[in-house]
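What follows is one structure encoded as structure tokens, with my remarks underneath.
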Amino acid sequence: MKETSLHFLLSVLSVLSCTTDQARLTLSPSSSQFFEGDSLSLSCEEDDSSAGWTLRRNTTRETRTQCDDWGTSAGSSCNISLSFPSDSGVYWCESREGATSQSINITVSGGAVILQSPVLPVMEGENITLICRTQTSSDLPADFYKHGSLIIDRPTGHVTILHVSKADEGVYRCNIRGHGESPPGWISVTGTPTTTAPPTIAVPPPEPTTASSAVPPSDSAPLQQVFTVVRYLVVFCPYVISTVLLVSLYRHRPTGIGG
Ligand SMILES: *[C@@H]1O[C@H](CO)[C@@H](O)[C@H](O)[C@H]1NC(C)=O
Ligand SMILES: *[C@@H]1O[C@H](CO)[C@@H](O)[C@H](O)[C@H]1NC(C)=O
Ligand SMILES: *[C@@H]1O[C@H](CO)[C@@H](O)[C@H](O)[C@H]1NC(C)=O
386 MKETSLHFLL SVLSVLSCTT DQARLTLSPS SSQFFEGDSL SLSCEEDDSS AGWTLRRNTT
446 RETRTQCDDW GTSAGSSCNI SLSFPSDSGV YWCESREGAT SQSINITVSG GAVILQSPVL
506 PVMEGENITL ICRTQTSSDL PADFYKHGSL IIDRPTGHVT ILHVSKADEG VYRCNIRGHG
566 ESPPGWISVT GTPTTTAPPT IAVPPPEPTT ASSAVPPSDS APLQQVFTVV RYLVVFCPYV
626 ISTVLLVSLY RHRPTGIGG
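In my numbering, the protein residues as written are 386 to 644.
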């Protein structure tokens, strides 16, 4: 029994140490659509730089290409200073082991109108704002469409959707009379927080403890790694302990009726 628990504990820990080693892809400015010629900057924000995260993309012309093939690497970020419609595609961060971050769709339009919408999946209950704009103005009257049907027309080119739900997920477009229509933009809605914690976590992470604030700020990599380990332990110990407790309770549960 003891040996089995230890085994279990070890495998939980190893699974956790893999799943927590993640990167977050950020895009600046944060928009899913751009005009041709706009500049944009992408970066893989990582928990553990030794995992060797690289930014990759798929476009209609190429697959899994890295920043050096289409942008300028600047530290951990990658800049596209002059974008083209051929930069449209799906972008993601990938570690040496093949783990991937969330991916994002970017559309670079050669047209006159774009729809600015959240680039990452939105959480249920959040408010989102869609902006329909031309290169020079973001407050012209605009029509907004979802799955090809008009949902609303707005005199100012903005629409805010309050408390989004799964039903708001879909493909949106907008149109500015006399200027044109935007490319389609996909909005996805998730029911779970988009954090770096494993989605299967069984107990809420504890409040930040004094342990974390007691670590002195430092630039040195070893200290940061120690801090990272401590942070994971603080966050995941309750999870591991409760899981182990549950398992042993389950194993000690009397079998047979009335036993
Ligand atoms: C990129 O393209 C490759 C090859 O077609 C495919 O296997 C992979 O799933 C694509 N990645 C994304 C995030 O779409
Ligand atoms: C990349 O873009 C960021 C943000 O726009 C900017 O601060 C940085 O100077 C750029 N780096 C290069 C090498 O172009
Ligand atoms: C990207 O766009 C495709 C449709 O073109 C959609 O199926 C996919 O869910 C989108 N991915 C994200 C992360 O928005």
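For every residue, glycine included, the Cβ atom is placed at its ideal position computed from N, Cα and C.
Cβ of V504 within 8 Å of any heavy atom in ligand 1? Position 119 of the sequence shown, counting from 1, holds the residue named residue 504. No, since every heavy atom of ligand 1 falls outside the 8 Å radius drawn around the Cβ of V504.
Would you say the region 411-425 touches the region 491-510, given that touching needs at least three Cβ pairs under 8 Å? yes
Taking C-alpha atoms, which residue in F420, A408 and S523 lies nearest to S466? Locating residue 466 in the sequence shown gives position 81, counting from the first residue. Nearest of F420, A408 and S523 to S466, Cα basis: F420.
Looking at the unbroken alpha helix (DSSP H) that takes in D453, where does it start and where does it end? Residue 453 sits at position 68 when you count from the first residue of the sequence shown. Here the alpha helix (DSSP H) through D453 covers C452 to W455.
For the structure I just gave you, are there three or more beta carbon pairs, one from the region 512-532 and one from the region 459-476, closer than 8 Å? no
Just verifying my parser: in three-state terms, what is the DSSP assignment at D432? Residue numbering aside, residue 432 sits at position 47 when the sequence shown is read from its first letter. Coil at D432, not helix or strand.
Unbroken beta strand (DSSP E) run spanning R441, endpoints: As a working mapping, residue 441 is identified with position 56 in the sequence shown. T439 to N443 is the extent of the beta strand (DSSP E) around R441.
Rounded C-alpha distance that separates G437 from G563: In the sequence shown, counting from the first residue as 1, residue 437 sits at position 52. In the sequence shown, counting from the first residue as 1, residue 563 sits at position 178. Rounded to the nearest angstrom, the two C-alpha atoms are 48 Å apart.
What's the C-alpha gap between S428 and Q487? For this step, residue 428 is matched to residue 43 along the sequence shown. For this step, residue 487 is matched to residue 102 along the sequence shown. For S428 and Q487, the distance between alpha carbons rounds to 12 Å.
Under 8 Å: does the beta carbon of W438 sit that close to some heavy atom of ligand 1? On the sequence shown, position 53 is the one that residue 438 refers to. Incorrect: W438 has no Cβ contact closer than 8 Å to ligand 1.
Alpha carbon to alpha carbon, how far is V556 from E431? As a first step, residue 556 is located in the sequence shown; it is residue number 171 there, counting from the start. As a first step, residue 431 is located in the sequence shown; it is residue number 46 there, counting from the start. If I take the Cα positions, the gap works out to 30 Å.
CB-CB under 6 Å to H548, same chain, minus the five flanking residues each way: which ones, in chain order? Along the sequence shown, read from residue 1 onward, the residue named residue 548 stands at position 163. So the qualifying residues of the chain are G510.
Examine ligand 1 and report whether any of its heavy atoms sits within less than 8 Å of the Cβ of W455. Your numbering for residue 455 matches position 70 in the sequence shown. False, no ligand heavy atom lies under 8 Å from that Cβ.
Look at the Cβ atom of S426, then the Cβ atom of L410, and state whether they are nearer than 9 Å. On the sequence shown, position 41 is the one that residue 426 refers to. On the sequence shown, position 25 is the one that residue 410 refers to. No, they are not a contact pair.
What does the shell around ligand 1 hold, if a residue joins when its beta-carbon is under 6 Å from any heavy atom? N443, T448, R449, V475, W477 and S488
Spatial neighbours of A408 in its chain, beta-carbon cut-off 6 Å, leaving aside the 5 residues before and after: Locating residue 408 in the sequence shown gives position 23, counting from the first residue. Within the same chain, A408 has close Cβ partners C429, E431, W438, C478 and S486.
Identify which residue in S473, V498 and S480 has its Cα closest to the Cα of I489. As a first step, residue 489 is located in the sequence shown; it is residue number 104 there, counting from the start. It is S473 whose Cα lies nearest to the Cα of I489.
With which residues is H543 paired in a DSSP beta bridge? Position 158 of the sequence shown holds residue 543. Per DSSP, I516.
Would you tell me roughly how many angstroms separate the C-alpha atoms of M508 and W571, rounded to the nearest one? Numbered from its first residue, the sequence shown carries residue 508 at position 123. Numbered from its first residue, the sequence shown carries residue 571 at position 186. Cα-Cα distance, rounded: 14 Å.
State buried or exposed for V493, treating a residue as buried only when at least 16 other CB atoms are found within 10 Å of its CB. Against the sequence shown, residue 493 aligns to sequence position 108. Buried, because 16 or more other Cβ atoms sit within 10 Å of the Cβ of V493.
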